[in-house]
Amino acid sequence: KNQVEQSPQSLIILEGKNCTLQCNYTVSPFSNLRWYKQDTGRGPVSLTIMTFSENTKSNGRYTATLDADTKQSSLHITASQLSDSASYICVVSEPDGNYQLIWGAGTKLIIKP
Amino acid sequence: SQTIHQWPATLVQPVGSPLSLECTVEGTSNPNLYWYRQAAGRGLQLLFYSVGIGQISSEVPQNLSASRPQDRQFILSSKKLLLSDSGFYLCAWSPGTTSYNEQFFGPGTRLTVL
Chain A
1 KNQVEQSPQS LIILEGKNCT LQCNYTVSPF SNLRWYKQDT GRGPVSLTIM TFSENTKSNG
61 RYTATLDADT KQSSLHITAS QLSDSASYIC VVSEPDGNYQ LIWGAGTKLI IKP
Chain B
1001 SQTIHQWPAT LVQPVGSPLS LECTVEGTSN PNLYWYRQAA GRGLQLLFYS VGIGQISSEV
1061 PQNLSASRPQ DRQFILSSKK LLLSDSGFYL CAWSPGTTSY NEQFFGPGTR LTVL
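One line per chain: the protein sequences are A and B, in this order.
Per the numbering used here, the very first residue in the first sequence carries number 1; after that it's consecutive.
Per the numbering used here, the very first residue in the second sequence carries number 1001; after that it's consecutive.
Here it is as structure tokens:
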């Protein structure tokens, strides 16, 4: 069964610190892997999308990495800000599917001042 | 630019009552449309998707249904709500032609069935 697992389930860090969120998946083959940010009570917003041939993708202070051999991805947040408090969701797209996205449960990140 | 609207934002309904959630997209044509449900602490679950008017595919058997009466309108319905239907419902759209299949989400509807 295709799955996406994220760790940790939740994380609390101080403002200004860096952090790394992990994503392991069993979807194979896959089309692309994406990270979404979801504020509480809002819809998810895309941060990065990587195809299987890409190793890294940055979006401001967010940097995603992908290792297709080990089926792992990470999202690194640099110099965290209070507005980074949200859930971060890893999503893997199956090939040839315009709709088949396998969603992780997310990591809830809390930034404290 | 494209925008996606969902309403209502919150809804409290008794068990057995009907449901109608509406989603509309502006600024694009022939989008793919999606309904998701998100339970607390869980990943998003795809309920329905549509690639065109009147074309609905269901991913999970349940007492919900979806309709697409117009190109940019997607409706989620139920004739009789169950307690288990409570959750956060999200509508999303994606360009039908992009290979990345990026999906853009609406603000969501928080449904509580009592």
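Each residue gets a CB set at the ideal place from its N, CA and C atoms; glycine is no exception.
All values reported here derive from a predicted model rather than from experimental measurement.
Where does residue i fall in DSSP's three states?
i       : result
D67/A   : strand
S1001/B : coil
S53/A   : coil
S83/A   : helix
N59/A   : strand
Q9/A    : coil
I102/A  : strand
S28/A   : coil
R42/A   : coil
R1042/B : coil
T20/A   : strand
I1053/B : coil
P1069/B : strand
V91/A   : strand
T78/A   : coil
Considering only residues of the same chain and omitting the five flanking positions on each side of residue i, which have a CB-CB separation below 7 Å?
i       : result
G1108/B : Q1006, F1088, Y1089, L1090
G123/A  : Coverage of chain A is limited to positions 1 through 113, which leaves residue 123/A absent and any answer about it impossible.
M50/A   : N32, L33, K57, A64, L66
S1086/B : L1111, T1112, V1113
P8/A    : T107
G1054/B : R1068
Who are the Cβ neighbours of residue i in its own chain at under 6 Å, not counting the five residues just before and after it?
i       : result
T63/A   : H76
A1066/B : W1035, F1048, I1056, L1076
S87/A   : Q38, G106, K108
Q72/A   : N24
Q1073/B : T1024
K1080/B : G1016
Q1103/B : A1092, S1094
S1020/B : S1077
Can you give the beta carbon distance from residue i to residue j, rounded, assuming they're within the 8 Å contact cut?
i       : j       : result
N24/A   : S93/A   : No, N24/A and S93/A are not in contact; Cβ-Cβ is about 16 Å, not under 8 Å.
L47/A   : N59/A   : 5 Å
V1015/B : V1113/B : 6 Å
Along chain A, in chain order, which residues have C-beta atoms closer than 8 Å to that of residue i?
i       : result
R1068/B : Correct list: empty, because the minimum Cβ distance to chain A is about 14 Å.
L1090/B : G43, P44
Would you mind telling me which residues of chain B sit closer than 7 Å to residue i, beta carbon to beta carbon, in chain order?
i      : result
W103/A : G1043, L1044
Given that residue i touches chain B, what residues does it touch there, using C-beta distances under 8 Å?
i     : result
G16/A : Those do not exist, as G16/A stays about 28 Å from chain B at its closest Cβ, beyond 8 Å.
G60/A : The contacting residues do not exist; G60/A stays about 17 Å from chain B at best.
Could you work out which residues of chain A lie near residue i, taking near to mean beta carbons separated by less than 7 Å?
i       : result
G1106/B : G43
Going along the chain, which residues of its own chain have a beta-carbon closer than 8 Å to the beta-carbon of residue i, five neighbours each way excluded?
i      : result
I102/A : N2, Q3, V4, Y25, V27, V91, V92, S93, E94
I110/A : S10, L11, I12, I13, S85
At 3 residues or longer, what runs of the beta strand (DSSP E) sit wholly inside the region 1072–1113 of chain B? With a minimum length of 3 residues, the continuous beta strand (DSSP E) runs that stay inside the region 1072–1113 of chain B are 1073–1078, 1087–1094, 1109–1113.
Quick check for students: name the residue ranges of the beta strand (DSSP E) that lie wholly in the region 1005–1036 of chain B, counting only runs of 3 or more. Uninterrupted beta strand (DSSP E) stretches at least 3 residues long and entirely within the region 1005–1036 of chain B occur at 1010–1013, 1019–1026, given in chain order.
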